[in-house]
Structures are given as C-alpha cells and as structure tokens.
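Asker: This is the structure, below, for whatever I ask next.
Numbering (the numbering used here), first residue to last: 27 to 191.
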C-alpha cells in the first residue's frame, strides 16, 4: 500500500501544477465609463412602402337638373304654407328613398376597375449628430435620443509589437 501512495501523490502534484500554470493568464480590466453627449440634430430615416389596389369607379349617367330660382313675394308665402300643410310621412319616404340611392343602390353608368396607388412612410431609424468634448460625431440609432445621448467611452493604450520598439 505504501508503494502506491508516493507515486499517486506525485501524480496529483504534477496535475495541479499544470492546471495552476494555465490559470496564470492576467485579464486586463478595460477602462470604460459612461458619459453624456449633447445632441445637435436628429433626422428621421423613412422607409417608403407603395401598394397598388384595384378599386371600382363608376361614372353616373344622370341628367343635370336646371337650377331652381328663388321664390319671391306671394309665391314664397304660398310655398311656405304648402310645406307646412304637406303630410310628414311623405317627406320621410322621400328622405329614405334618397338615402337608399346614396348608400349603394345599384347605379347605372360606366363602371370599371381602376388601379389606385398608395404610399406609406414610417420612420425606421434616426441619423443623430452629437458633440462630445468638442468633437462632432454622427450615428444611426433605432430611436430618437432627445437632447442628451448616453455614450460609452473606452480608453485603451496602443502597445506596439515587441520587435518594433
């Protein structure tokens, strides 16, 4: 039993030394901070969509009625009395008939299908001009940032390769 303890201990120490040596990698912390920049201008970028649909257009073939002249004098008074004495249900029937004609009763005329183009615009992004520490920048953002823009500032030194120093 004593024979196996020493080689087992040496093997464990060798294994732990190699794993500890692999963990010696130093991860440098990144110098990052969050600051605010002043927004100068935000211009929306639009997506334009065009759609064509077919719509039925009808031209009515109704004769043009002559314009009625305004009544004067005695005919005006007689017309007012006649309107008052006319039974009300007839007027309601006339109004209903006019309403039916306007709402979709079949109209005789020349009907044809006509293509109608429609255009839709929507904002998909914003081109934002902003200034940070006296330097102007431009970025395309998916939202309008308002007056201030939160930015991430990262500072990293430039380290030249070992042979070029």
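Even for Gly, the Cβ is constructed at its ideal location relative to N, Cα and C.
What's the gap between the Cα of residue 173 and the Cα of residue 165?
Answerer: One-based indexing of the chain shown puts residue 173 at position 147. One-based indexing of the chain shown puts residue 165 at position 139. Cα to Cα, residue 173 sits roughly 15 Å from residue 165.
Asker: Which of the three DSSP states, helix, strand or coil, is assigned to residue 133?
Answerer: For the purposes of this step, residue 133 is taken as residue 107 along the chain shown, with counting starting at 1. With a pLDDT of 49 at residue 133, under the threshold of 50, the predicted position of this residue should be treated as unreliable, though the coordinate-derived value follows. Of the three classes helix, strand and coil, the one that applies to residue 133 here is coil, per DSSP.
Asker: Determine the extent of the beta strand (DSSP E) in which residue 180 is found, giving its start and end residues.
Answerer: Stepping through the chain shown from its first residue, residue 180 is reached at position 154. Element bounds for residue 180: 174-181.
Asker: So what's residue 189 in DSSP terms, helix, strand or just coil?
Answerer: On the chain shown, residue 189 is found 163 positions in, with the first residue counted as 1. The answer is helix: DSSP assigns residue 189 an H, G or I state.
Asker: Just mark residue 175 as buried or exposed, buried being the case when its beta carbon has 16 or more other beta carbons within 10 Å.
Answerer: For the purposes of this step, residue 175 is taken as residue 149 along the chain shown, with counting starting at 1. Its Cβ being crowded by 16 or more others within 10 Å, residue 175 is buried.
Asker: Using DSSP bridges, identify the partner residues of residue 146.
Answerer: Stepping through the chain shown from its first residue, residue 146 is reached at position 120. DSSP output for residue 146 lists 75 as bridge partner(s).
Asker: For the beta strand (DSSP E) containing residue 162, name the first residue and the last one.
Answerer: Here residue 162 refers to the residue found at position 136 of the chain shown. Taken as a continuous stretch (DSSP letters only), the beta strand (DSSP E) holding residue 162 covers 161-167.
Asker: Any idea which residues DSSP pairs residue 106 with across the strands?
Answerer: The residue labelled residue 106 in the question sits at position 80 within the chain shown. Note: residue 106 sits in no beta bridge, so no partner.
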